[in-house]
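Structure first, commentary second.
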Amino acid sequence: MPELHLPWLELSILIPLLGAVCVGMLRDRELARKLCVAICTLTLVFAAGEWIDFGTLHTFEAHDHWDLIRRIFHKDMFVVDELSAPLLPLAALLYLMTVLSTLRTKVNRFSFGWTLTSQGILLATLSCREPWGIVALLSLATIPPWTELRSRGRSTRVFVIHMGLFVGLLIVGQLLLDAGSAGTPLGIIAGALLTIAALLRSGIFPLHCWMTDLFEKATFGTALLFVAPMTGAYAVMRLVLPIAPDWALQSIAVVSLFTAVYAGGMALVQHEARRFYCYLFLSHSSLVLVGMELVTPIGVTGALLVWLSVGLSLAGFGLTLRCIESRIGRVSLDQYHGLYDHTPTLGALFLVTGLASIGFPGTVGFVGAELLIEGAVTVYPFVGMAVVIAATLNGIAILQAYFRVFTGARYVASLSLRVRTPERVAVLIFTALILGGGLFPQPRVTSRYHAAEALVRQRHSATQREKTAVASQTLNHDKRIVLSQPPAPSGSDPLNENIQTKSPRAIEWRGATSPAENQ
Amino acid sequence: MNYDSIMQVLGVCVVACPAALLAVFGVMSLIGRPLGERMMARFTQVSVVAGLLAALAILAMMLVLDTRHVPVEIGNWVVIPAQHFHFHLKFVFDRLSVPFAILSFVLCGTVGAFTSRYLHREPGYGRFFVFYAVFLLGMILSSLAGTIETLFLGWELVGLSSALLVAFFHDRPNPVRNGQRVWTVYRFADAAFLIAALTLHHLTGEGDFEGLMGRGPWPEGVASITGSRALFVGLLLLVAAAGKSALVPFSGWLPRAMEGPTPSSAVFYGSLSVHLGAFLLLRVSPVLEVSPLLSAAVVAIGLISALFGAVTARVQTDIKSALAFASLTQVGIIVAEIGCGLRYIALIHIIGHACLRTLQLLRAPTLLHDYGTLENAIGTQLSRAPTFWERVVPEQGRVWLYRFSMERGFLDAVLNEYIVRPFLALFRYSDRLERRWTDMLSGGQSRESDEVKPHTAALEEFV
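Protein sequences appear in the order of chains A and B.
The first sequence maps to residues 1 to 519 in the working numbering.
The second sequence maps to residues 1 to 463 in the working numbering.
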């Protein structure tokens, strides 16, 4: 496997983890914030370095230079490939922007130490390709939000029940998968358990209530950082997609599509901004899953593009809401606030990020949304129209929230609410990425298309392997049946006869290309 | 440099001028350095005049060279060769697009000049011109689009700027509510457009209008799809056009849109935006020809809208709403003309009507003032003789018609009662079920957001 020029991956994982220890020892919260910003910036530099370095190698996958883990465990634990290469800098950017836009009003309740820990875990998850490594890291990632809920004295039951189930399903599913290969009954059960786990982590209906509960009870920053990187979709991609049968993928697509429309509708009736944001995010992340399960190059390319655009735009959208919260407290959507005159820059960012998330022309989400809809309509001509409906509902919800928060009244404030310099920097970075990515989409599309092609190829070869394994198992099984039965009347083909009567799978296989027929 | 190259350069200029205007206004606003009033007005003037001159030059060259179709290829914005997917940026100058683009520049230029005085020293001056630039770019992209995707791009920009301008006076709830209403109708119209565009793409294998509508210059193309498919796609496009042009049953948003400042009402709902649906139908008119049933539907919707507009306009109590419904009457007639295949007449009708209505809307505020002066001078209200219909229709019928018109055909009430309310009720019920579920899992009250009340003293708590 090709090597990167520096150990980018290990450094980008190690730096936030070491930083978490340092920040945890500081008593001065403002100093902790500054150190956290510096560490996140450094992590972003390494993550971006990995992306650029990987781009220069022109290969599908690569591992670190001086790969320490590989030397110790003799395994390629941390590998970057076309799929994960842009996700790492995106995740690092998300953390940096969150920390950067944390105002002094929030530093006492936002834990910088746990934030850096979760960043390290997230970057490790996105760099990991070993199934057990992913399972372990996904399980570990549930600890920081849980600690925060406990330290804030909130009920953790909804979170614990859901995440306990998630971790349990992951572990049992992976154990069963190790015990029986894909295609066997044990493998199918394992695949089903892993699928449910990934859907639960993605918040697919009806397993989504933990997400709204988390947004209710945790700090906005922690909840945002737990859901925005879409590790549930990552789990689907790494753990489910290679082994799931077609019918399972179709079921996931339909359930995700339903969730997208349902969450879009729910976003319209929410009374409070955090819950509104949660449903909006849920609707968009479900669309990513819809695209993934199409398993066509166009559909998967659309999903991967939407993943990036939604990750970027809805993170910006969420941070804007968080900035508003840090000024006026929790935001009710039952009445108009009229904040535009006080914070026009935040108003503009709210609109730009919101519109980018629904794929408005000229923004980073446009091409991804087009490809996703095209892919969905090609595979499911009528059901695919639901993607358009979901995007429509989300568009209405976003402008409704904009009007409620920024217009409709005169807000009287005794202090200036204008954006502070760090917030302005965050706003400009988000806007530049959203509009720049929208105006020059081709490099992104090319990169995501290559990744999508690789995913689809991987999936097809896995399916072929599975079919071959099933066919050979069936053949052996049927041979045993034939040997244990009395001889067939002369003139008939006992092998084929028994295949037809005893094994429905073998009938499919026979219908395709049967070696017996060929002979 | 040959004539083709000159026309290509001019064609790019026509699109680049409004794009540059939006880039300048947008970037300066985002970095927190908004331009002054004079600078904004000057930039607008330069951009509109340069774009207009380029469009006029192309028109002159087309007339001199006797060319009816000038494609300007910008290239593939996005392409995935292996999947035959491409987002082709192409603009077409033909007998439909050139008059519409020139009309857009002329009316936007007029309204821009009017606004620089009308909104002088208003707090939202800069905001107005940012939305104006979005609108102008959207109109030019829609007018000149050579592919259905490019048309959709412009279409969306027009929709967004329209909704935001309706909510321009944003410190009051009513304009904002109306802006939201306009946006909601537009989003559903956009969804119909998007589905139609994708379906057309699948049926014909390309998004280029030449491929979709036949190779002949407009209006001589012949669509290459069957009648039943044309009916399906055409009905979706008709929904899109009805949403954009406020045809029945979407007419309810038109008077609401008059909450915006007069210049935006003039340029959007009086002249350009309201005709964009008719423009779409003109652009895809070869599809209408394939299906007589579709043509009949277009004529029917046009005539119903015209009749509805004519009746409703008569009882409006404010001049802008009266003009809005008068616009609807004309747009309905234009759509009926398109359904009848009278394409040139429809195009001429659009141009004439747009110019007249812009003038009327811009004149409206001073007209009221003049009326007031006149009535003050003569010491009484101006007398009005009963019309023909007042004499012919019995009183009971007139009362019913009056109520029907006052309630604007009950269109909003029907949409609210039978679509919006059940839809929201369903999701509110789901919300209640979710609350019960999380309460049960939590073993108590699970929603902190229930306690959230708007509070203005929050900032002081933190300090």
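The beta-carbon is built from N, C-alpha and C at its ideal position, and this holds for glycine as well.
Quiz item: From the beta carbon of A348 of chain A, is the nearest beta carbon of chain B less than 9 Å away?
Solution: Judged by the 9 Å Cβ criterion, A348 of chain A is in contact with chain B.
Quiz item: Does the beta carbon of R331 of chain A sit closer than 9 Å to a beta carbon anywhere in chain B?
Solution: Note on residue identity: the sequence assigns Val, not Arg, to residue 331 of chain A. With 9 Å as the cut-off, V331 of chain A counts as an interface residue toward chain B.
Quiz item: Mind pulling the chain B residues with CB within less than 7 Å of C209 of chain A?
Solution: Within 7 Å Cβ-Cβ: E434, W437 and T438.
Exercise. Assuming P144 of chain A and S118 of chain A form a contact by the criterion Cβ under 8 Å, report the distance between their Cβ atoms to the nearest whole angstrom.
Key: 4 Å
Quiz prompt | Alpha-carbon spacing of L221 of chain A relative to G341 of chain B, whole angstroms | solution = According to the sequence shown, residue 221 of chain A is Gly rather than Leu. Looking at the backbone, the Cα of G221 of chain A and that of G341 of chain B are separated by about 59 Å.
Exercise. Pair every Cβ in the stretch 251 to 265 of chain A with every Cβ in the stretch 322 to 338 of chain A, then say whether three or more of these pairs are closer than 8 Å.
Key: no
Quiz item: Would DSSP call D94 of chain B helix, strand or coil?
Solution: strand
Quiz item: Using a C-beta cutoff of 9 Å, does R150 of chain A count as contacting chain E?
Solution: Although the question refers to chain E, the structure presented lacks it and instead comprises the protein chains A and B.
Practice problem: To the nearest angstrom, report how far apart Q464 of chain B and A223 of chain A are at their CA atoms. | Solution: Outside the displayed span of chain B (1 to 463) sits residue 464 of chain B, for which this structure offers no information.
Quiz item: Taking just the CA atoms, how far does M7 of chain B sit from L359 of chain B?
Solution: 32 Å
Quiz item: Can you tell which of A:E82, A:K75, A:A124 and A:I69 has its C-alpha closest to the C-alpha of L17 of chain A?
Solution: A:A124
Self-check item: Where the stretch 94 to 125 of chain A meets chain B: residues whose CB sits under 7 Å from a CB there
Solution: T105
Quiz item: What separation, rounded to the nearest whole angstrom, lies between the Cα atoms of A82 of chain B and L107 of chain B?
Solution: About 44 Å.
Exercise. Look up L89 of chain B in the DSSP assignment and give the residues it is bridged to.
Key: B:G75
Self-check item: Inter-residue spacing [alpha-carbon to alpha-carbon] between F54 of chain A and A223 of chain B
Solution: 48 Å
Quiz prompt | Reference H120 of chain B; option with closest CA among B:G372, B:V182, B:A41 and B:T147 | solution = Of the listed residues, the one whose Cα sits closest to H120 of chain B is B:A41.
Practice problem: Determine, using beta carbons only, whether L312 of chain A and A369 of chain A come nearer to each other than 9 Å. | Solution: If you check the CB distance, L312 of chain A and A369 of chain A do not come in under 9 Å.
Quiz item: How many Å lie between I324 of chain A and R201 of chain A at the Cα?
Solution: 28 Å
Quiz item: Looking at C-alpha atoms only, which residue of A:F78, A:G120 and A:A244 is the closest neighbour of L42 of chain A?
Solution: With distances taken between Cα atoms, L42 of chain A lies closest to A:G120.
Practice problem: Determine contact between the stretch 427 to 441 of chain A and the stretch 270 to 288 of chain A, defined as no fewer than three beta-carbon pairs at a distance below 8 Å. | Solution: no
Quiz prompt | Where C128 of chain A falls: helix, strand or coil (DSSP) | solution = C128 of chain A: strand per DSSP, three-state reduction.
Quiz prompt | Which of helix, strand or coil DSSP assigns to H162 of chain A | solution = Looking at H162 of chain A - three-state DSSP - the assignment turns out to be helix.
Exercise. Pick out the complete alpha helix (DSSP H) segments inside the stretch 51 to 91 of chain A, 4 residues or longer, and give them in chain order.
Key: For the alpha helix (DSSP H) assignment, the uninterrupted runs of no fewer than 4 residues enclosed by the stretch 51 to 91 of chain A are, from N- to C-terminal side, 68 to 73.
Quiz item: Of all the options B:V331, B:F25, B:Y371 and B:I31, which has the alpha carbon lying nearest to the alpha carbon of G352 of chain B?
Solution: Nearest to G352 of chain B by C-alpha distance, out of B:V331, B:F25, B:Y371 and B:I31, is B:V331.
Practice problem: Check distances from the C-beta atoms of the stretch 250 to 262 of chain B to those of chain A and list, in chain order, the residues that come in under 7 Å. | Solution: none
Quiz item: Residues in its own chain within less than 7 Å of R492 of chain B by CB, not counting five upstream and five downstream?
Solution: With chain B covering only 1 through 463, there is no way to say anything about residue 492 of chain B.
Quiz item: For F188 of chain B, which option in B:F209, B:G159 and B:R256 has the closest C-alpha, if you only look at C-alpha atoms?
Solution: B:G159
Quiz item: Closest Cβ-Cβ distance between H88 of chain B and chain A: below 9 Å?
Solution: For H88 of chain B, the nearest beta carbon of chain A is not closer than 9 Å to its own beta carbon.
Self-check item: Neighbouring residues, chain B, relative to G338 of chain A (Cβ below 8 Å)
Solution: H170 and D171
Quiz item: What's the gap between the Cα of G49 of chain A and the Cα of E61 of chain A?
Solution: Their Cα atoms are separated by approximately 15 Å.
Quiz item: At least one CB of chain A closer than 9 Å to the CB of A240 of chain B: is that the case?
Solution: no
Quiz item: Which two residues bound the contiguous alpha helix (DSSP H) that contains L466 of chain B?
Solution: Outside the shown range of chain B, which is 1 to 463, sits residue 466 of chain B, and nothing can be said about it.
Quiz item: Excluding sequence positions up to five away, which residues of its chain have a Cβ less than 7 Å from the Cβ of V227 of chain A?
Solution: M211 and F281
Quiz item: The alpha helix (DSSP H) with V269 of chain A in it runs from where to where?
Solution: For V269 of chain A, there is no enclosing alpha helix (DSSP H), as DSSP marks it with neither H nor E.
Exercise. For V176 of chain B, go through chain A and note every residue whose CB falls closer than 7 Å to its CB, in chain order.
Key: Y336, F403, T407 and G408
Quiz item: Should D64 of chain A be flagged as near chain B, meaning a C-beta pair shorter than 9 Å?
Solution: It does not; no Cβ of chain B falls within 9 Å.
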